[in-house]
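Residue numbers (our numbering), protein chains in the order written: chain A, 8 to 311; chain B, 298 to 546; chain C, 224 to 547; chain D, 17 to 396. Please read the structure below before turning to the comments.
Rendered as structure tokens:
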């Protein structure tokens, strides 16, 4: 029972990380109609900038700030320099251009930081564990990640539902032509949304840096899961991204945690292990395939 | 009389909104049945259900006596249902001739053949050239459809729809966006085509409707509020109030 | 038309002379380089049929490439070990059997993936094809019998009666023959009745439905044909490199195939081959000059997308003065 | 196409050096991607080893991108165009599985500084194929032996769900002999929270995990964050705690037990020379076992080249290699029947240095002069 609860928390934490990435991606997708494969590169930028500053200054919080600024700036530069020319293009050109961006970001990172992974640790206040249930210590830092993720979700909810900018964003996600017709500074809105998306991706990278290995290519691995979240949630829907990210995080963690043992009940141990892990690796893709077969446009699809 | 298209008790709702509210109507062979109504009356929704792009919540659609309610759009075409689109829908990267040729090829079959040469199928291209030379588009046959004028696109759509040899043709606002002369041409084309098939004509242009229609049905808020000949409709007080009156004002 | 055929013939002859040229200049690795580029060109061309001509952006095409390759690898494995596949199918090293088997297997996989994926469209289609490809990737990684992540070594290229397939030039010519045949097949295909229907579906699916075309069935058929082509390319690749591995179906490989198509020119017959050749040559050349070859490759790709529409084919046409 | 080809040939002409003195040695290794640092270590270690041997040489280094296709492509050019007859450098077994047969078919000698897949150690062994590092299985057998020697009875063993991972757990279990709970992780997984919870739930006496590179870094960090470090002992094989990993992990690795075939504190001349040369050449980069393996590879190749007088007589060169007449930095070294090493294995502890950073300290020898289980299947 305690194990189940702990795994649920793990799933939640994975889910909010995915949400941080997916929120920006789904907005960029929905509003600008751009498939940005290089979104994961911004995650990497955040992680590297934060880790490097943390190593130099010894301050996690300084790193956090730097990571956010760096990824936000990187996002805006990418928008102004590349994305802007891609809005009118078809998906194929966008895939090619953002694929090229991945290569550029990865190799530039190698040139700047070298190939060795960077060292970061959790900040002092957040190291150690909190006993959230008797017999269940849980890493404080992971609780912090969950809290930050949920706080961002709430913040985004207010931004999108209660502000004028949010109104434009919502309108843009469901009907691009309409926002153009409103005579809004559409270029400015695009740059802002892209910057915000990059910032959130960077935040996810900063948050993950004490947990995972800060290395070149770290963004390429997580970007696929992020795309799965965006598609399941429905392109352009932040609410959908949130629901899908949490569901997917939980589903993935539960599969990994319990499927092999469950299979062991019905077949020999090693085969059950191998098969269980194999299926868990496919789990998120299976989930997406199933969702799309029932709802071809995702769970919370807008009209756009 | 022979009913080629018969719609009975069709209902379509979107969330709480009833777009098609228990609509029944028939189109007899050889007649032009016009469907009129103000914007938002649910005409396009109705057309899309007849074509098979939308599934109704209730009711049946019979085509030449056969229940087609659950058939796909493509299968209905095979049974003799033709259509034109409100906003012209053509193959913009092909020429006029290629568009029409493809329509005729689609009708002729062998569409899964991968080793033949589509460009040399004489049964397709003879008919294509024959139709084109007899139409106003004859001189424009090598022009890319994307470069055509709006009126020409409308004409091409009609030719393509007729080339399918439909029993009944659904015309979704064929006059929309046409100038006066173009409208007259279109009316003439439709009049010429009435010997080939029955038509359900959805149209805003009252001049065209009164010039062509044998019978008229009036759709308001998803319901048919009146049906009859042109004179009957003109005289109907409910129609005047709900529809014509509005337009006059 | 005549001029196009002449050009093709010249290119074919030049390609056929590659082994001699390589021999003369002492740069014999060109045989392998050009051969691999031709095979990738085939895979990219098969993708281009659905992507460029049919408008179906599949991000999982490497799966069929990999499956075709694995069929050759697995049949060889059983041939080598003298065991039976699934307990009743004996292995073989005869190319006349392995290639058709690879094509059929890839076609079946494409039928399965296509039947489900084609229910969606747009971005969802891109992602669901990717999802299926990832599932195949993870499946093959966990097949211990066939080397798991390490893949299968095929110690000897499949034999073809009457030919010495151990000879590099012979193997190259066989590959060139297949590539040429596949090119001609595709040219026929896009000009066929079916090809016209597919082109129509790309431009306007609704219009095609209004012509009585059940678009789903046609798209599925195209998807299967395309998957079979990729399977053939994969089977040739394994014969050419004598190695099958899950890398063949990794998502980045699907991306690479797309890059080749876009780089060369979407919806053109020669484009994918040119794109494959260019990308492959570029990567190989730059990798010899610098370890950081990815950076210039990335920048060049980006410049190509931003400055030209229609890839290298469009660029070539512009330079040649718009002959077509 | 043709124009492309001509431009490309020009590029080739520029890239190939006009004249070189020593024997050309082809190095195909992984320099790009997350695992790029492994190739870097191997390349740099190899150079130091060759330098130390005094043999004249010229290195032709190229990146394989961890892609077998690229590896084969590069190998083909090295073998057939540049006339290279001695090759080395491959990091990953999927690449070596594709490239090694290519090299052997061309009559070249391949000396592995790292990857040693089991088929090439057993039935498919070859007189021209040498492994200086270790056979994959023996790495993990050493860890199993260590866990047994430390008196543990129950273990949780974790490894990625691919062939090398399965081999790792099999190798560990073979020597451990106790009760092993196997947990396989995802091939590209970087968050192990779920596994941490399972470890807590199982509460074993020892944890064995095999996660090289970035996965290993993530695993160790999260092991500490989950509060397992210092509570449940961990035994690692050398790829899971190389010096680069330790530098990235920091204090989270202190207290972990490792097994290795070499460590930087070894008390022999060759090892000391390596450590000194490395510190001089790459002061900012940690020295790993990868570099050491490559260093020994360099020493071996250099000694053979010296003896055979270059690569003119391949039979003589092969015989000189087989003699393994070099001063290995690991002390004792010999080739077994399958030309894979027969060597000693050591237990190490990861302790804090003065600055509180982890360093590896050799404790004792746990296995002496062992080869691998596949040698018996090799008939040369």
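Backbone N, C-alpha and C fix where the C-beta goes; we use that ideal spot for every residue, glycine too.
Delimiting residues of the alpha helix (DSSP H) encompassing residue 422 of chain B: In the DSSP annotation of this structure, the continuous segment of the alpha helix (DSSP H) that includes residue 422 of chain B starts and ends at 419–430.
Chain-ordered chain C contacts of residue 50 of chain A [CB-CB under 7 angstroms]: The contacting residues do not exist; residue 50 of chain A stays about 17 angstroms from chain C at best.
Separation of residue 28 of chain A from residue 208 of chain A, as counted between CA atoms: Near 5 angstroms, if we compare the C-alpha coordinates of residue 28 of chain A and residue 208 of chain A.
Contact check, residue 455 of chain C vs residue 265 of chain C, beta carbons under 8 angstroms: Yes, Cβ-Cβ distance for residue 455 of chain C and residue 265 of chain C is below 8 angstroms.
Residue 9 of chain A, DSSP secondary structure in three states: Helix, per DSSP.
Which of helix, strand or coil DSSP assigns to residue 318 of chain B: Of the three classes helix, strand and coil, the one that applies to residue 318 of chain B here is strand, per DSSP.
Closer than 8 angstroms to chain A by CB, residue 529 of chain C: Yes, contact with chain A.
Beta-bridge pairing of residue 357 of chain D - partner residues as DSSP gives them: Partner(s): D:351.
Chain B within 8 angstroms of residue 394 of chain C, Cβ atoms only: Against chain B, the CB of residue 394 of chain C has no partner CB under 8 angstroms away; the residue lies outside that interface.
CB contact flag (residue 306 of chain D, residue 58 of chain D, <8 angstroms): In contact: residue 306 of chain D and residue 58 of chain D (Cβ atoms closer than 8 angstroms).
Three-state secondary structure assigned by DSSP to residue 384 of chain B: In the displayed model, residue 384 of chain B falls within coil according to three-state DSSP, outside both helix and strand.
Residue-chain proximity (residue 83 of chain D, chain C), Cβ-Cβ < 8 angstroms: Taking Cβ atoms only, chain C reaches closer than 8 angstroms to residue 83 of chain D, which makes this a yes.
Distance between residue 42 of chain D and residue 513 of chain C (C-alpha atoms, nearest Å): Roughly 16 angstroms between the two C-alpha positions.
Sub-8 angstroms separation of residue 101 of chain A and residue 521 of chain C beta-carbons: Going by C-beta atoms, residue 101 of chain A is not nearer than 8 angstroms to residue 521 of chain C.
Separation of residue 383 of chain B from residue 455 of chain B, as counted between CA atoms: If you take the alpha carbons of residue 455 of chain B and residue 383 of chain B, they lie about 12 angstroms apart.
Proximal residues to residue 381 of chain D (C-beta, below 6 angstroms), its chain only, five neighbours per side dropped: So the list reads 360, 362, once near-sequence residues are dropped.
CA-to-CA distance, residue 436 of chain B to residue 444 of chain B, given in whole angstroms: Those two C-alpha atoms are separated by around 14 angstroms.
Interface positions of the region 122–147 of chain A facing chain D (Cβ-Cβ less than 7 angstroms), listed along the chain: Cβ proximity to chain D below 7 angstroms picks out 122, 123, 124, 125, 126, 128, 129, 136, 144, 146 from the region 122–147 of chain A.
Chain A contacts from the region 262–280 of chain D (Cβ-Cβ distance under 9 angstroms): Residues of the region 262–280 of chain D whose Cβ lies closer than 9 angstroms to any Cβ of chain A, in chain order: 263, 264, 265, 266, 267, 268.
Spatial distance of residue 17 of chain D from residue 234 of chain C (CA atoms): Low confidence applies to residue 17 of chain D: its pLDDT is 37, below 50, so where it sits in the model is not reliable, and the reading given next is rough at best. Cα-Cα distance, rounded: 8 angstroms.
Any 3 or more C-beta pairs closer than 8 angstroms across the region 201–210 of chain D and the region 213–221 of chain A: In this structure the region 201–210 of chain D touches the region 213–221 of chain A; the number of beta carbon pairs closer than 8 angstroms is three or more.
Proximity to residue 517 of chain B [Cα-Cα], best of B:316, B:309, B:300, B:310: When only C-alpha atoms are compared, the closest one is B:316.
Cross-chain neighbours of residue 510 of chain C in chain D, by beta carbon under 7 angstroms: Result: 78, 79.
Three-way DSSP call (helix, strand, coil) for residue 145 of chain A in this model: DSSP places residue 145 of chain A in the strand class (E or B) of the three-state scheme.
8 angstroms Cβ cutoff, residue 341 of chain C in contact with chain A: Put simply, the CB of residue 341 of chain C is far from chain A, with every gap to its CB atoms at 8 angstroms or more.
Every unbroken alpha helix (DSSP H) within the region 404–460 of chain C, with a cutoff of 4 residues, ordered by chain: 416–426, 428–433, all fully within the region 404–460 of chain C.
CA nearest to the CA of residue 400 of chain B, picked from B:463, B:360, B:354: For residue 400 of chain B, the nearest C-alpha among the options comes from B:463.
Cβ of residue 426 of chain C within 8 angstroms of any chain A Cβ: At a cut-off of 8 angstroms between beta-carbon atoms, residue 426 of chain C makes no contact with chain A.
Bridge partners - residue 521 of chain B, DSSP secondary structure assignment: Looking at the DSSP assignment, residue 521 of chain B forms a beta bridge with B:516.
Residue 119 of chain D vs residue 126 of chain D beta-carbon contact at 8 angstroms: A contact, by the Cβ cut-off of 8 angstroms.
Residue 256 of chain A and residue 94 of chain A closer than 8 angstroms at C-beta: Between residue 256 of chain A and residue 94 of chain A, the CB-CB gap reaches or exceeds 8 angstroms.
Bounding residues of the beta strand (DSSP E) (the contiguous stretch that carries residue 381 of chain D): DSSP places residue 381 of chain D in the uninterrupted beta strand (DSSP E) bounded by 374–386.
Reduced DSSP category for residue 243 of chain A - H, G, I as helix; E, B as strand; rest coil: It is coil, neither helix nor strand.
Extent of the continuous beta strand (DSSP E) run through residue 92 of chain A: That residue, residue 92 of chain A, is in no beta strand (DSSP E); it is neither H nor E in DSSP.
Simplified DSSP assignment, three categories, for residue 249 of chain D: Taken through DSSP and simplified to helix, strand or coil, residue 249 of chain D comes out as coil.
Under the three-state DSSP convention, the category residue 580 of chain B falls into: Since the displayed chain B opens at 298 and closes at 546, residue 580 of chain B lies outside it and no answer follows.
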